[in-house]
Each structure stands twice: as C-alpha cells, then as structure tokens.
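What follows is a set of notes on a single structure, which appears directly below.
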Amino acid sequence: MKQKILSFIVHDRKFLVLRNNPHPKHGGDFWFVVTGGVEKGENQVEAVKREVFEETGLIVNEIFDLNWGSVYKWEKDLCEELNFVSFVDSENIILNEEHTEHEWLNLDSFIDRIKWEDDKELLRKVLKKALNKKQYFKKQEIKDYGENEKN
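According to this note's numbering, the sequence shown is numbered sequentially starting from 1122.
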C-alpha cells in the first residue's frame, strides 16, 4: 500500500488554500492543500516537511497529527493517506508548478473554498480543535479487528 500525506498549513490561525494547476492526466483547477507521497526511507513527518517546502517554500515549525486519514484507490494503487496540520511562521509563499494561486483564509472561508469530498462539517470540527492542538479523534490501538468484531 502506498503511503501518502495530506497537510493543512496554518499561519497565525489562517489556513493556506492552493489552487492546483490542471494536469492533463487527472484534471484539476480546484482549491486544495498540500499532498504527496512518502518516499522510501522517509516517515510521514519527514514527508510532510518535504512536501510543504517543495510546494510552497515554507518551513514547517510544528506538525500536529490529526489521527485521521483515508484509504483509497488511485489508478492501480491502494493508498493510505494520513492527515496533518503544519504550523508555519511565514506567509510568504513560493509556489511550484503544481499550483497557480494561493490564499490565507480563516477557518470558515477555508472550509467553503476547499474541494472536500467528505463531510465538511466534520472537517470544520477537526480543524477547529487542531488550531488549539487538540485532537478530535482519540488515538486507540486495535490489536485484532477480527477479535473486536466477535465481542
């Protein structure tokens, strides 16, 4: 399974939204956040820092794990994508070729603007807590899913 990351970027309680450059292979022209793959020998935190820098030129000061993610199929690959919040000290962006525009928005405007296929109200709740470095989803270890189903 391919490992992926998704990072919401925050500066001074504002969220960065990026307008992607439409790709001939998979379309685009929508507002989103930084995403990318975890490279060999890299963990998710390292991938977040690298992807944020590559796509925006920003240096991440703190990463907050949202304990939230998704599994999906992309082309022929099964992907596991984990979600993070990256806190940065600067709002000066250097966009790479993946994006054409950016904006820093308050939480409500960010939620309205971002392309999000899932529940936007849940996203709002998760990010509101994350601004204060609190998790919406509590960490819980599941030792054997099959055994939990039997009980």
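Ideal Cβ positions, reconstructed from N, Cα and C, are used throughout, including at glycine.
Item, Value
"DSSP bridge partner residues for W1152 (one or two, in chain order)", "R1140"
"Endpoints, the alpha helix (DSSP H) within which D1229 is located", "1228-1234"
"Outcome for L1199 when other beta-carbon atoms lying within 10 angstroms are tallied against a minimum of 16", "exposed"
"Exposed unless 16 or more other CB atoms sit within 10 angstroms - verdict on L1244", "buried"
"DSSP three-state assignment for K1254, whether helix, strand or coil", "coil"
"Exposed unless 16 or more other CB atoms sit within 10 angstroms - verdict on W1152", "buried"
"Which of helix, strand or coil DSSP assigns to L1243", "helix"
"Distance, K1125 Cα to E1270 Cα", "A caution first: E1270 carries a pLDDT of 49, below 50, which makes its placement in the model unreliable, though a value can still be read off. E1270 and K1125: Cα-Cα distance of roughly 28 Å."
"8 Å contact criterion, which V1247 and L1179 should meet: CB distance rounded", "The Cβ separation is near 21 Å, so there is no contact."
"Alpha carbon of V1169 to alpha carbon of F1205, nearest angstrom", "8 Å"
"Where K1260 sits in the DSSP three-state scheme", "coil"
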